[in-house]
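For reference, the structure discussed in these notes is given below.
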Amino acid sequence: MGFKKKMILLVEDNPDDEALALRALKKSNLANEIAVARDGVEALDFLFCEGKFADRDPCELPVVVLLDLKLPKVDGLEVLKRIKNDERTRRLPVVILTSSSEERDIIDSYDFGANSYIRKPVDFNQFTEAVAQLGLYWLVLNEVPDC
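Sequential numbering from -15 applies to the sequence shown in the numbering used here.
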């Protein structure tokens, strides 16, 4: 088996949270590439190789999607539904990484197939540590099938 590029897709519209997450992931040196989508449409285009990502290799899926729920254009729950309802992406691990602690959001996320639900800590150090731990688990420990 050849070397598989380990990529994370971070779907986040808040520039501060994006910067913190990128910093934490880069600091842990776990991902070869971190793709960022800033709204739900961009995330779906990336995953399904549409729009500006039409020339992307569909076999190069991220190892994990870190998905915010409160997104412009298409919200995170709809992105999650589309990922889990499509044959090409249904096994893709999706971690909800959001500031929402609404019980309904937690229930819906799991009902629609989320692999994990993590509420963003407001503290910088806690947030950085949480993202680093996510990277460690999903990029190093978790096993995924080939395309």
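Glycine residues also receive a C-beta, built at the ideal position from the N, C-alpha and C atoms.
Asked: I believe residue 18 touches residue 9 by the beta-carbon criterion, under 8 Å. Please report the beta-carbon distance rounded to the nearest angstrom.; Found: 6 Å
Asked: So, helix, strand or coil for residue -4, using DSSP?; Found: coil
Asked: So residue 81 and residue 50 are in contact, right, with Cβ under 8 Å, and what is the actual spacing, rounded?; Found: 5 Å
Asked: Select from 87, 103, 108, 79 the residue whose C-alpha is nearest the C-alpha of residue 48.; Found: 79
Asked: Need the endpoints of the beta strand (DSSP E) that residue 100 sits in, please.; Found: 100 to 103
Asked: DSSP three-state call for residue 78: helix, strand or coil?; Found: strand
Asked: Would you mind working out which of 38, 83, 98, 92 sits nearest residue 67, comparing C-alpha positions?; Found: 98
Asked: Please return the same chain residues whose Cβ sits closer than 6 Å to the Cβ of residue 84, not counting the five positions on each side in sequence.; Found: 53
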